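Taken in order, these protein sequences are the chains called A and B.
Everything in the first sequence is counted per the working numbering, starting at 3 for the first residue and increasing by one.
Everything in the second sequence is counted per the working numbering, starting at 391 for the first residue and increasing by one.
Every residue gets a Cβ at the ideal spot worked out from N, C-alpha and C, and that includes glycine.
Bear in mind the structure is a predicted one, so any value in this text is a computation, not a measurement.
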Amino acid sequence: MRLTAVAYGLLALFALGVPLLGIYPVFMMQLLCLAMFACAYNLLLGFGRMLSFGHAAFFGAAAYATGWLVTAHAWGPGAAIVAGVVVAGLLGLAVGALAIRRQGIYFAMITLALAQLVYFVCLEAPFTGGENGLQGVPRGKLLGFLPLKSDVVLYYVVLAAFVAVFLFIRRVVHSPFGQVLKAIRDNEPRAISLGYEINRYKLLAFVLSATLAGFAGSLKALVFGFVTLSDVQQSTSGEVILMTLLGGTGTFFGPVVGAAVVATLQQYLSDLVGGWVIAIIGVVFVACVLSFRRGIVGELAAARWLRRAPPPR
Amino acid sequence: MTSVFGIPVAVILGQLMLGLVNGSFYAMLSLGLAVIFGLMGVVNFAHGAFYTLGAFAALLALQLFGINYWVALIVAPLAVGALGMAVERLLLRRVYGLDPLYGLLLTFGLALICEGSLNQVFGATGQSYPVPPALAGGFNLGFMFLPLYRAWVIAVSVVVCFSTWYVIERTRLGATLRAARENTPLLQSFGVNVPLLMAATFGGGVALAALAGVLASPIVLVNSYMGSSLVIVVFAVVVIGGMGSILGSIVGGLALGVIEGFTKVLYPEASNVVVFLIMALVLILRPAGLFGRD
């Protein structure tokens, strides 16, 4: 475990020093938003084994809510983020309540279809700007004094938010609630026979995941200063699945690694190969499913413990 | 001109027919999904991509080799079906026995590869496929104009769907297929080549999608994304009809197409979402789907 502590320490130093190292802070903020999104997603897929194909709906809805409130109603960034998170949570409650009525692949198809519904609402609603999206979203001042206009200040705010979410998810998974969730993941009939009302646990996990995904979306709206339809699109739902799967589902740090790899790939690969990025992402998907289902972090952990456990089924 | 609720009857009938055409595609696609899922337990996310491939195959066959519509109607599904069998043999086979979610993720990756490549090679703007001369024009029924090609699409779809239903539910081949779902080792011990049967089933389901793609090519723009939005609606249709049910996917597909058509007349803003709203309603009232049994 000492090795892990050292790794986390080095990573924390790196994260704090990013503005000094000359790394483009907007890219790092994008990465942190995606990592938060993936961590939120992992709470559902990794610890609840619920494959949602519609998480972009929560990410995008919160981004739209936050963007609209600061642009059209001059809300402060703090209140607008809270509002965005609440919107995502309520949407998560509605979608989750429907989706947990079925399991497995049906769950995936239902979340996909309901997210498409949200997409069409965002396309046609009067306040989302349709095809153009919301442009020129101001960052404002957090709590009335922190000028988020500065990339460095915003970077540390986003970093703090990410660390808070990361620790929160760890806490949730290690709580009695998280243990029951894992029990349901591993053996649902057994959890039922032990007397747990599994639907409550599943719904709470879904709402938590949707809420945190919304937090990531709200932050993203402020970081980039715009919200577009691609934030609610199916491709974004696919990306978050890929980040989680590639990094390692059910590991704490996997989604962060996955987000870093996917964001970097998209950033640098699109200069090299242009539109082929989508096809390449597809290849990575196939490779993940066929040859390393535990993901990068999961495979490393398995190799380190020399546990010859079979790959997850 | 007669009208109902202030909407001319001709407009209503016109939308009804457009709805039936869309419903024909929903039915053929969800039928293929149901057949593949029924036998192999795999939800084929790439179904929309195979539909797109069918349309592109017809278009390229015409542009490069001058192969006409009637030949393409046979050849394109066969070619795409063969590709599907190769995919099953090389990739899909490796995820049998795993959590079905991996099959969904694998085929999602395949859909991305397929659509991303098509988009890169042929561009995002659509191309159109000419309506074959024998099916051009239409009838004037007095109260409305019926384009011949659209009537043809509905007819082909109904014939294909019900023959598939007949083969699976009423013939010996269908009984073998259903037996493979029930008890694979037992069927193998009777000397049936189950792996071949699986490959053929996947190829068949995918060929149905490609046939729908060829049928659609003269009335929609052929582009790399024609299948990806359609497949989401088809998933909703499948949830509504009940995944295990062949009849549910046929009837559900046609009915939802018609309902979508009516919504276009009555409240156009909701026409994109009506299928998803119905799905939500069905989940509340009858979670197993209208024709589902579980």
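- C-alpha of residue 609 of chain B to C-alpha of residue 545 of chain B: approximately 15 Å in a straight line.
- For the stretch 233-265 of chain A, the continuous alpha helix (DSSP H) assignments of 4+ residues that do not extend past its boundaries occur at 236-249, in sequence order.
- Between residue 233 of chain A and the set A:58, A:146, A:40, the nearest pair of CA atoms involves A:58.
- Using a 10 angstroms sphere on the CB of residue 434 of chain B, the tally of other CB atoms reaches 16 or more, which defines it as buried.
- For residue 530 of chain B, the uninterrupted beta strand (DSSP E) segment begins and ends at 528-530.
- Residue 212 of chain A places its beta carbon less than 7 Å from that of residue 90 of chain A.
- DSSP places residue 535 of chain B in the uninterrupted beta strand (DSSP E) bounded by 535-537.
- Counting C-beta pairs closer than 8 Å gives fewer than three between the stretch 564-577 of chain B and the stretch 435-443 of chain B, which falls short of the contact rule.
- In this structure, the straight-line span from the alpha carbon of residue 225 of chain A to that of residue 551 of chain B is close to 51 Å.
- Between residue 272 of chain A and residue 264 of chain A, the C-beta spacing is not below 7 Å.
- Using beta-carbon distances, residue 439 of chain B does not count as an interface residue toward chain A, since no partner is under 7 Å.
- From the listed residues A:104, A:170, A:158, the smallest Cα separation to residue 200 of chain A is found for A:104.
- In the three-state scheme derived from DSSP, where H, G and I count as helix and E and B as strand, residue 149 of chain A is classed as strand.
- Between the stretch 518-538 of chain B and the stretch 627-639 of chain B there are fewer than three inter-stretch CB-CB distances shorter than 8 Å, so the stretches are not counted as touching.
- In the DSSP secondary-structure assignment, residue 229 of chain A is bridged to A:136.
- Contact of residue 278 of chain A with chain B is assigned, a C-beta pair being separated by under 7 Å.
- Using a 10 angstroms sphere on the CB of residue 659 of chain B, the tally of other CB atoms stays under 16, which defines it as exposed.
- Per DSSP, the unbroken alpha helix (DSSP H) holding residue 480 of chain B starts and ends at 459-480.
- If you draw a straight line from the Cα of residue 230 of chain A to the Cα of residue 215 of chain A, it is about 16 Å long.
- In the structure shown, the three-state DSSP call for residue 154 of chain A is helix.
- Apart from the 5 residues on each side of it in sequence, residue 42 of chain A sits with its Cβ closer than 6 Å to the Cβ of 211, 214, 215 in its chain, given in chain order.
- Under the 10 Å beta carbon count, residue 592 of chain B is surrounded by 16 or more other beta carbons and is classified as buried.
- From the beta-carbon of residue 111 of chain A, the residues of chain B found nearer than 8 Å are 433, 625, 626, 628, 629.
- A direct Cα-Cα distance of roughly 19 Å separates residue 611 of chain B from residue 624 of chain B.
- Among the residues of chain A, those whose CB is under 7 Å from the CB of residue 498 of chain B are 240, 287, following chain order.
- In terms of beta-carbon proximity, residue 122 of chain A lines the interface with chain B, with at least one pair separated by less than 7 Å.
- Taking 9 Å as the cut-off between beta carbons, the residues of the stretch 244-266 of chain A near chain B are 244, 247, in sequence order.
- Of all residues in the stretch 61-74 of chain A, none places a beta-carbon less than 7 Å from a beta-carbon of chain B.
- Nearest in C-alpha terms to residue 292 of chain A, of all of B:514, B:644, B:452, B:486, is B:486.
- The straight-line gap separating the alpha-carbon atoms of residue 635 of chain B and residue 596 of chain B is approximately 18 Å.
- At a cut-off of 7 Å between beta-carbon atoms, residue 494 of chain B makes contact with chain A.
- In the three-state scheme derived from DSSP, where H, G and I count as helix and E and B as strand, residue 105 of chain A is classed as coil.
- Considering only beta carbons, the part of the stretch 91-109 of chain A lying closer than 7 Å to chain B consists of 100, 103, 104, 106, 107, 108, in chain order.
- Taking a C-beta distance under 7 Å as the contact criterion, residue 466 of chain B and residue 621 of chain B do not qualify as a contact pair.
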